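S.K.:
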């Protein structure tokens, strides 16, 4: 086991940087001192941390779309449109899938074909191929903070280029951008890659630059029980702060049951603060991110608007710091800019109408909050135990043991034994807890909830429920009932 | 005072019928015995009462659009489209505004011009001009129950023709289709007109035909405090059952604050059952109707979808028996059939996703429920007192005294002294209680709530708040805050 | 203080009972220091003209929210001419026709009927009040 | 019981990591009594062809959910021909191109690339399984 949860030594870090910057031609453009100056001259309203902390302090929920296309000018037009017509608070630059796999050659081909055909042949913006200067064109053109959103197991060069390029928020983490996004990349490798990214963010912080880090909350985006995504989010936060990161946004993907979704955001904040505090930090700003429904969408746009609205409602009532917005084209692939703006405007209207409203804490919210907390603590305690007190070591061993396990993930390092399904009220439960370190009380809780559904539906609790649940929302329901 | 809350004597009723049927040429087509036979032969699934009671028993919320155009074939096409593409459960036939004012000559002109221009020059279906046979074309073509929705102070002939035509639900009432819909029609007159309509429905019931009656809940549709609309709904229900009506749907127009909206539907049901029971009836089926936001809509369709979704959410969580749906074209006038279907589909998706979910009863819901109940009882007690025990007499005198008072209503018989405004959480309160018979406890409750808002907004509580609130949702907010 | 900027006859035409916008317009006009004769909802063309003559009004503001505006508004300018107030300002606004509107066409339709200003749904009172101030300045300027 | 109806090589092509539909398809094919070789996400054209040869598969099912399908799928039929399995059934489905699709064009594009069946997003497994049963009956019928 070579990984350790230990701050990377400065000399080693600077040496590794030289290697990373050599891995593609644009790396040589990065001059970190000059980049620090660039950030220092940036207007306050383009810095993500400022907007997030302001929102947190004022109990506001900010809205952010997903967006990225192959060509720089088109990408800038897209972001401007989403800011002005879509009324977005925060903007993204979604990176294309070739760049996510460090296939810069293929990305180059995608840029070329996009120029030739005048349409984006890539599903995102290939930032590495473009390099620092082109990235800054985006930052200079857009009057709002811009975050890098991707799904890259080894995002070291991407981080170097985009942070030097002026982006002030960087999504991803050793687990959340590996297990759901890769097939054969080991956790030892991604932990080291992301320690590097976090160290880089910490390095900027040491030089007065505030960059936000956001582990990717929804993981595989489908029926992920809150305790699973919370465990991953908190582990990635713990690794990040160790490298000097001070601003962390922790995410959660909507499951659809309002009570569970509210309890999830509540418990995420509570747990993260506890674990960060237990590690001895008192200077970390934690904010929360609510992802609108990440599973299959209805093809009908009117129905998609309903799914978007329901996500907006849950985000507002859970008081998340920001919400990541879907579009009415979700079922059909990457949206037009108009559809993307529509999703934002629907969300804006809901958030505004709910701005002054709240639901009191109810008994069922408490029950949900407590079970999520109990489960997450059970998992994280075992991770720490397996790592002999070292979180990084613990992560690797926990995945080997199935103590950490993400449903439907493609990675061969994921044991894939757990199985989620909805209960009779649509909350996501464990149909199979695999090797999760849960006591019988927790296991019985889930078994009882699913038994209740089986009884109601007059069928056995089985994988068919899972299949039905996966298709349910796109077919217009939350719970996948038999016909 | 000539009106009394007394069942119309059969002979007198039959005599009045002869007069009513003479008031326009199509009246002579009505043969009530033949009409009873027509209803008896109607398939069960076309009878409104059956669907409503099934939904009530199974805790379902049904969806119903608004729709009506000038030409029969176009109207049938429209309803078919809303049933098949829009997935509506129940259908309407919205009557045009000339017919609502008994201006059949003008309606005739509208039909003529609609034929000539091939577009609807009327804002609804002129059922009286068409007569019984044409109405039955609609009923025969549509595989769902169809309700007559209008806004007609004197709907006697309209009821005769549409009920003989096979419609199984009839909206309106002596107050709800007078005070918000007319300028100079006296309550004595409309009480008698609607006693006739209710007597007719009761007559059908005596002959084995179940027809549902629905007082129009939202009244002027803008910032109507629940106790006001509840008082009106219950009074109209009391008048209706006296004439032999057995199936009553009571409505409420969404105000936008979720807790208040849920409490409103709860208290409406509770109060109606209490008053009906107090009058000695044990055979009345009461169902509830939730109207999606009736005030000004955002012009932007994406934002309109959010308003529709929020209405759908409140209707589902309040467990109303049915919800009346808006379209994304609401701000722009009468919707295309596609837009109308979109509103239905958005609502359908929300209702389905929330089907198995519920919010527990919270303390604030109880507070809202109790204040609505207290206020409504205060109003209704005074109405009864003013009427010396007779509800009909009480209604007339209560409007004279401002004990019944509807905000923003055009009628000269309405005192128009009360003024509503939103509190700091968006619930609708009284800025001015006018002559409502409220004790100081209730008055202070409202004053305190508005003071809280004034303090937050750093301005005096004034009519400007009302103006701001009226425009708020169309501008993307719930509470009309100062800039 | 009789610093009224002018007199406006306000009403909702035809069989239309939409009262709220009418009440807001009255409030906004008064706030802007106009004298307002509000003839309310369900007003006939005759009532508009009569009120304008009786009060020597500078403008008639017609609202129509229910879609029958096209049928209800025809001939209003003529009635004004016949009554000897042919040059009075007449504005109209609301949901003027049935269905989603092509605004250019609707505006043209009503301008051809003799309306000086035509407003789409959702117009805020301030917009028409500003137009009125401008139109009145011009017309009063002309008279000097 | 070796009543398998046929053998299908299943995978998600290119740099695409969408795993859920893939797992559902595997489940549905097995339920329908097919033998499934699931090469999972991020599968190359070579891996598809190799697996098909090694298992004597009747069909290759390619998924592409991330929009790069057009670039990833070109030449797959050729690779099959070169490997001597030119007449194998190849189906493809998912979000095949970037942006909202004109489905007719997308289908044509992929049919021209040599795919036997092309499915839009949201197709339920049962649909493609029925098509497969039909295509196999035809092709096995031919062989007799």
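Residue numbers (the working numbering), protein chains in the order written: chain A, 9 to 491; chain B, 9 to 491; chain C, 6 to 149; chain D, 6 to 149.
Think of the CB as a built atom: it goes at the ideal place given N, C-alpha and C, for glycine as much as any other residue.
Bear in mind that the values here come from a model prediction, so they are computed numbers and not experimental data.
1. Do residue 434 of chain A and residue 487 of chain A have their C-beta atoms closer together than 7 Å?
2. Thinking just about the alpha-carbon of each residue, which of B:304, B:277, B:472 is nearest to the one in residue 295 of chain B?
3. Any idea what DSSP makes of residue 37 of chain C, helix, strand or coil?
4. Three or more C-beta pairs closer than 8 Å, one from the region 260-276 of chain A and one from the region 212-223 of chain A: is that the case here?
5. Closest to residue 146 of chain A by CA distance: which of A:79, A:127, A:347 is it?
6. Just to confirm, is the Cβ distance from residue 121 of chain D to residue 69 of chain D under 7 Å?
7. Should residue 95 of chain D be flagged as near chain A, meaning a C-beta pair shorter than 7 Å?
8. In the structure shown, what three-state DSSP assignment does residue 291 of chain A receive?
9. So which residues of chain A does residue 20 of chain D contact, with C-beta pairs closer than 8 Å?
10. Considering only the beta carbon of each residue, do residue 3 of chain D and residue 41 of chain D sit closer than 7 Å?
11. Provide the residue span of the alpha helix (DSSP H) that contains residue 57 of chain B, from first to last.
12. What does DSSP give as the partner residues of residue 124 of chain C in its beta bridges?
13. May I ask you to report which of helix, strand or coil DSSP gives residue 47 of chain D?
14. Smallest Cα separation from residue 422 of chain B: which of B:234, B:186, B:450, B:358?
15. Three-state secondary structure (DSSP) at residue 71 of chain A?
16. Buried or exposed: where does residue 78 of chain C fall if 16 or more other Cβ atoms within 10 Å of its Cβ makes it buried?
17. Count the other CB atoms within 10 Å of the CB of residue 134 of chain A; is the residue buried (16 or more) or exposed (fewer)?
18. So with Cβ pairs under 7 Å, would you call residue 230 of chain B a contact of chain C?
19. What would DSSP say about residue 136 of chain D, mapped onto helix, strand or coil?
20. Consult DSSP for residue 461 of chain A and reduce its assignment to one of helix, strand or coil.
21. Taking the Cβ atom as the reference point for each residue, do residue 87 of chain B and residue 183 of chain B lie within a distance shorter than 7 Å?
22. The region 290-315 of chain B: which residues have C-beta closer than 7 Å to a C-beta of chain A, in chain order?
23. Note down the Cα distance separating residue 49 of chain A from residue 168 of chain A, rounded to an integer number of angstroms.
24. Going by DSSP, what residue range makes up the alpha helix (DSSP H) through residue 199 of chain A?
25. Which residues bound the beta strand (DSSP E) around residue 179 of chain A?
26. Give the straight-line distance between the Cα atoms of residue 351 of chain A and residue 237 of chain B, rounded to the nearest whole angstrom.
27. Mind checking if residue 13 of chain B is an interface residue toward chain A, Cβ cutoff 7 Å exclusive?
28. Can you say whether residue 3 of chain A is buried or exposed, counting buried as having 16 or more other CB atoms within 10 angstroms of its CB?
29. Within the region 112-174 of chain B, note down every full beta strand (DSSP E) run reaching 3 residues or more, in order along the chain.
30. Using only alpha-carbon positions, find the residue among B:316, B:62, B:341, B:209 that is nearest to residue 247 of chain B.
31. To the nearest angstrom, report how far apart residue 7 of chain B and residue 480 of chain A are at their CA atoms.
32. Rounding to the nearest angstrom, what Cα-Cα distance links residue 149 of chain C and residue 12 of chain C in this structure?
33. Hey, residue 217 of chain A and residue 44 of chain A: beta-carbon distance below 7 Å or not?
34. Going along chain C in order, which residues have a C-beta closer than 8 Å to the C-beta of residue 478 of chain B?
35. Given this structure, state the Cα-to-Cα distance separating residue 117 of chain A from residue 74 of chain A, to the nearest angstrom.
36. Excluding the five sequence neighbours on either side, which residues of its own chain have a C-beta within less than 7 Å of the C-beta of residue 317 of chain B, listed in chain order?
M.R.: Answer, in terms of the structure:
1. For the purposes of this step, residue 434 of chain A is taken as residue 426 along the first chain, with counting starting at 1. For the purposes of this step, residue 487 of chain A is taken as residue 479 along the first chain, with counting starting at 1. Yes, these two residues count as a Cβ contact at 7 Å.
2. Indexing the second chain from 1 puts residue 295 of chain B at position 287. Answer by Cα proximity: B:277.
3. One-based indexing of the third chain puts residue 37 of chain C at position 32. Looking at residue 37 of chain C - three-state DSSP - the assignment turns out to be coil, as it is neither helix nor strand.
4. no
5. Along the first chain, one-based indexing puts residue 146 of chain A at 138. Per the Cα distances, A:79.
6. Translated into positions along the fourth chain, residue 121 of chain D becomes position 116. Translated into positions along the fourth chain, residue 69 of chain D becomes position 64. No. Outside cutoff.
7. What you label residue 95 of chain D is simply residue 90 of the fourth chain in a count that begins at 1. Not one chain A Cβ lies under 7 Å of residue 95 of chain D.
8. Against the first chain, residue 291 of chain A aligns to sequence position 283. Coil at residue 291 of chain A, not helix or strand.
9. Stepping through the fourth chain from its first residue, residue 20 of chain D is reached at position 15. Going along chain A in sequence order, the residues near residue 20 of chain D (Cβ under 8 Å) are 105, 106, 108, 109, 111, 114.
10. Missing from the structure shown is residue 3 of chain D; chain D here goes from 6 to 149 and no further.
11. Taking the second chain and counting its residues from 1, the one referred to as residue 57 of chain B is at position 49. 56-65 is the span of the alpha helix (DSSP H), which, as asked, contains residue 57 of chain B.
12. Locating residue 124 of chain C in the third chain gives position 119, where the first residue counts as 1. For residue 124 of chain C, which the question treats as bridged, DSSP gives the partners C:98.
13. By 1-based counting over the fourth chain, the position of residue 47 of chain D is 42. For residue 47 of chain D, the three-state secondary structure derived from DSSP is strand.
14. Residue numbering aside, residue 422 of chain B sits at position 414 when the second chain is read from its first letter. Selected option, being the one with the closest Cα: B:186.
15. Indexing the first chain from 1 puts residue 71 of chain A at position 63. Residue 71 of chain A falls in the strand class under three-state DSSP.
16. Looking up residue 78 of chain C in the third chain gives position 73. It is buried - the Cβ of residue 78 of chain C has at least 16 other Cβ atoms within 10 Å.
17. In the first chain, the residue the question calls residue 134 of chain A occupies position 126. Burial call: buried.
18. Within the second chain, numbered from 1, the residue matching residue 230 of chain B stands at position 222. Answer yes: the Cβ-Cβ gap between residue 230 of chain B and chain C drops below 7 Å somewhere.
19. Here residue 136 of chain D is taken as the residue at index 131 of the fourth chain, counted from 1. Three-state DSSP puts residue 136 of chain D in a helix.
20. Here residue 461 of chain A is taken as the residue at index 453 of the first chain, counted from 1. Of the three classes helix, strand and coil, the one that applies to residue 461 of chain A here is helix, per DSSP.
21. On the second chain, residue 87 of chain B is found 79 positions in, with the first residue counted as 1. On the second chain, residue 183 of chain B is found 175 positions in, with the first residue counted as 1. Contact flag unset, no.
22. So the close ones are 306, 308, 310, 311, 313, 314, 315.
23. As a working mapping, residue 49 of chain A is identified with position 41 in the first chain. As a working mapping, residue 168 of chain A is identified with position 160 in the first chain. Their Cα atoms are separated by approximately 19 Å.
24. In the first chain, the residue the question calls residue 199 of chain A occupies position 191. Segment 195-214, the alpha helix (DSSP H) holding residue 199 of chain A.
25. Residue numbering aside, residue 179 of chain A sits at position 171 when the first chain is read from its first letter. Counting along the chain, the beta strand (DSSP E) containing residue 179 of chain A begins and ends at 177-179.
26. Position 343 of the first chain, counted from the start, is the residue given in the question as residue 351 of chain A. Position 229 of the second chain, counted from the start, is the residue given in the question as residue 237 of chain B. Their backbone Cα atoms lie some 34 Å apart in a straight line.
27. Here residue 13 of chain B refers to the residue found at position 5 when the second chain is read from its first residue. No, no contact with chain A.
28. Within the shown structure, residues of chain A are numbered from 9 to 491, placing residue 3 of chain A beyond reach of any answer.
29. 154-157
30. Along the second chain, read from residue 1 onward, the residue named residue 247 of chain B stands at position 239. For the residues B:316, B:62, B:341, B:209, the minimum Cα distance to residue 247 of chain B belongs to B:209.
31. One cannot answer for residue 7 of chain B here, as it falls past the ends of chain B, which runs 9 to 491.
32. Taking the third chain and counting its residues from 1, the one referred to as residue 149 of chain C is at position 144. Taking the third chain and counting its residues from 1, the one referred to as residue 12 of chain C is at position 7. Caution is warranted here: a pLDDT of 37 is assigned to residue 149 of chain C, below 50, making its placement in the model unreliable, and no coordinate value can be reported.
33. For the purposes of this step, residue 217 of chain A is taken as residue 209 along the first chain, with counting starting at 1. For the purposes of this step, residue 44 of chain A is taken as residue 36 along the first chain, with counting starting at 1. Cβ distance < 7 Å, so residue 217 of chain A and residue 44 of chain A count as in contact.
34. As a position in the second chain, residue 478 of chain B is number 470, starting the count at 1. Under the 8 Å cutoff, chain C gives 25, 29.
35. Here residue 117 of chain A corresponds to residue number 109 of the first chain, with the count starting at 1. Here residue 74 of chain A corresponds to residue number 66 of the first chain, with the count starting at 1. Each residue's alpha carbon lies about 23 Å from the other.
36. For the purposes of this step, residue 317 of chain B is taken as residue 309 along the second chain, with counting starting at 1. Correct list, in chain order: 354, 358.
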